[in-house]
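Novice: The structure's right below; bear with me while I get my questions together.
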Amino acid sequence: MVKEAVEISGLGDRLRDRVKSYSKGMNRRLLVARALMIKPKLAILDEPTSGLDVVHAYYVRRIIREYVEKHGVTVLLSSHNMLEVDFLCDRVALINEGKIAGEGSPSELKSKYNVPNLEEAFMEATRRA
0 MVKEAVEISG
10 LGDRLRDRVK
20 SYSKGMNRRL
30 LVARALMIKP
40 KLAILDEPTS
50 GLDVVHAYYV
60 RRIIREYVEK
70 HGVTVLLSSH
80 NMLEVDFLCD
90 RVALINEGKI
100 AGEGSPSELK
110 SKYNVPNLEE
120 AFMEATRRA
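Position one of the sequence shown corresponds to residue 0 (numbering that gives the first Met the number 0), numbered consecutively onward.
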């Protein structure tokens, strides 16, 4: 499992450093690796790229997607980042004030609301709800 975590995190030799010395991006990569290294049937990830710079966010999203494809892990993702949701999710529930305002695949939602992206789909779904 440790070898798996090293591969997922991409931290290499830095894994031997104290976690206190890690950047926010490194910490996030470590947390994602910790969640995925045991190959769970279901991994629940809450805002996995929150507060990360573009480079670290890209890396974390890519790792999640590749890991799901390679190991068949189901990920339940909570995120306000619609780019992230569109990239990572096969099925989406747009939730507003605790209620589902719309659900479907990203392409179904964009088509249903006749919009170019999920952020606008969310806005339309919540306007109509």
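Built from N, CA and C at the ideal position, the CB exists for glycine as well.
1. Please report the distance separating the alpha-carbon of G103 from that of L75.
2. Do V72 and L30 have their CB atoms nearer than 8 angstroms?
3. On the three-state DSSP scale, how would you describe S106?
4. Measure the C-alpha to C-alpha separation of V91 and K40 and round it to an integer number of angstroms.
5. For V114, which residues from the same chain have a beta carbon less than 7 angstroms from its beta carbon, with the 5 sequence-adjacent residues on both sides left out?
6. Using only the alpha-carbon positions, how far apart do E6 and L93 sit?
Specialist: From the atom records:
1. Residue 103 sits at position 104 when you count from the first residue of the sequence shown. Residue 75 sits at position 76 when you count from the first residue of the sequence shown. Cα-Cα distance, rounded: 14 angstroms.
2. Walking along the sequence shown from the start, residue 72 turns up at place 73. Walking along the sequence shown from the start, residue 30 turns up at place 31. Cβ distance not < 8 angstroms, so V72 and L30 don't count as in contact.
3. Within the sequence shown, residue 106 is the residue found at index 107, counting from 1. Three-state result, S106: helix.
4. Reading the sequence shown from its first residue, position 92 is the one you call residue 91. Reading the sequence shown from its first residue, position 41 is the one you call residue 40. Spanning the two alpha carbons is a distance of roughly 19 angstroms.
5. On the sequence shown, residue 114 is found 115 positions in, with the first residue counted as 1. The beta carbon of V114 lies closer than 7 angstroms to those of A120 and E123 in the same chain, with the five residues before and after it left out.
6. Stepping through the sequence shown from its first residue, residue 6 is reached at position 7. Stepping through the sequence shown from its first residue, residue 93 is reached at position 94. The alpha-carbon atoms of E6 and L93 are separated by roughly 33 angstroms.
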